[in-house]
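Participant: The sequence shown begins at 57 in our numbering and counts up one residue at a time. Just so it is clear, CB atoms sit at the ideal spot from N, CA and C, and this is done for glycine as well. Quick caveat, the model's predicted, so the values are computed rather than measured.
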Amino acid sequence: MCLASYTNNLYRLEQLDNTFSWEAVNQVNTPPGTFYGQAVVTDNGSHMYLFGGMANATNNQMVGLQYYQFAFDTNTWTAPTTNTNSTGNFTIPLNRKLFSANYDSSNNKVYIYGGSLNESAI
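Okay, here's the thing in structure tokens:
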């Protein structure tokens, strides 16, 4: 059995003239620690979206794709308000790991492709 260590640390890597500088980013509130998720930043750099991955609450659970929005101006995270419709069916894809996520700035859309579903969803 492999035990995972889930973290919710956020770091920024800045390229300087001849080197790079790492800095921990302050988070007013943090999402659950996760691994195997994907993050994309909007074209104007105001927000970052974190999609999927495994966390203590979602590992081996059949749940909707977890996603969170980080606002760089307030250093706060927000989550969606609902993942199911009135009949209890998921309105978004199932949570996954090891997938691709890309931001299309010309259409202001994020595309999620492939990945591996939790073992309970198979």
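#1: Assuming residue 155 contacts residue 167 (C-beta within less than 8 Å), just tell me the rounded distance between them.
#2: Do residue 102 and residue 128 come within 9 Å of each other at the CB atom, strictly closer than that value?
#3: Can you tell me whether residue 180 is buried or exposed? The criterion is at least 16 other CB atoms within 10 Å of its CB, across all chains shown.
#4: Are the CB atoms of residue 117 and residue 90 within a distance shorter than 9 Å?
#5: On a CA-only basis, which of 80, 81, 107 and 86 is nearest residue 93? Give me that one, please.
#6: Can you tell me which of 76, 71, 63 and 147 puts its alpha carbon nearest to the alpha carbon of residue 111?
Facilitator: A quick look at the data gives this:
#1: For this step, residue 155 is matched to residue 99 along the sequence shown. For this step, residue 167 is matched to residue 111 along the sequence shown. Going by Cβ atoms, the distance from residue 155 to residue 167 rounds to 10 Å, so no, they are not a contact pair.
#2: Here residue 128 refers to the residue found at position 72 of the sequence shown. Here residue 102 refers to the residue found at position 46 of the sequence shown. Cβ atoms of residue 128 and residue 102: closer than 9 Å.
#3: Residue 180 lies beyond the stretch modelled for the chain, which goes from 57 to 178, so this question has no answer here.
#4: Here residue 90 refers to the residue found at position 34 of the sequence shown. Here residue 117 refers to the residue found at position 61 of the sequence shown. Cβ distance not < 9 Å, so residue 90 and residue 117 don't count as in contact.
#5: Along the sequence shown, read from residue 1 onward, the residue named residue 93 stands at position 37. Checking every option, the nearest Cα to that of residue 93 belongs to 107.
#6: Within the sequence shown, the letter at position 55 stands for residue 111. If we check each option's Cα against that of residue 111, 63 comes out closest.
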